[in-house]
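Undergrad: The following block contains the structure, expressed as structure tokens.
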Amino acid sequence: MAKSTSAVTVLLAAHNEAPTIVDIIERCLKVCPPGSVVLVVDDGSTDETASLARAAGAQVLRLDENVGKGQAIRTGLCLARHPRLVLLDADGQD
Numbered sequence: 874m875a876k877s878t879s880a881v882t883v884l885l886a887a888h889n890e891a892p893t894i895v896d897i898i899e900r901c902l903k904v905c906p907p908g909s910v911v912l913v914v915d916d917g918s919t920d921e922t923a924s925l926a927r928a929a930g931a932q933v934l935r936l937d938e939n940v941g942k943g944q945a946i947r948t949g950l951c952l953a954r955h956p957r958l959v960l961l962d963a964d965g966q967d
């Protein structure tokens, strides 16, 4: 019988979120079960969102241009590694 895992993929679609991205990633990594992944889809940011997210421990997919939040989320869903997914706003708000 396969072992059950509680690991999740946390998906953050982000556009120019350099001021908040590190905090939200660190909070996610702190509370998520072992083996979880924080996946940031950088939606064509013109700031340091991608590099900050990577340095904070997230896996980052950098889109060359802004395709919008919906498409960034759909792209991230295709890359999610775990059957459990948590979708959060990259700015930590609703």
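Add 873 to the 1-based position in the sequence shown for the numbering used here, that's all there is to it. By construction, the Cβ of each residue, glycine as well, lies at the ideal position given by its N, Cα and C atoms.
What number of angstroms, rounded off, separates the C-alpha of C905 from the C-alpha of A945?
TA: When rounded, the distance between both Cα atoms is 22 Å.
Undergrad: Report the three-state DSSP secondary structure of D937 (helix, strand or coil).
TA: Note: D937 maps to coil in three-state DSSP.
Undergrad: Of the residues G917, V881, A928, which one's Cα is nearest the Cα of D896?
TA: Measuring from the Cα of D896, the nearest candidate turns out to be A928.
Undergrad: When the Cα of V910 is compared with those of D916, S918, G917, A926, which residue comes out closest?
TA: Residue A926 is the option with its Cα nearest to V910.
Undergrad: Does DSSP classify T919 as helix, strand or coil?
TA: T919 falls in the coil class under three-state DSSP.
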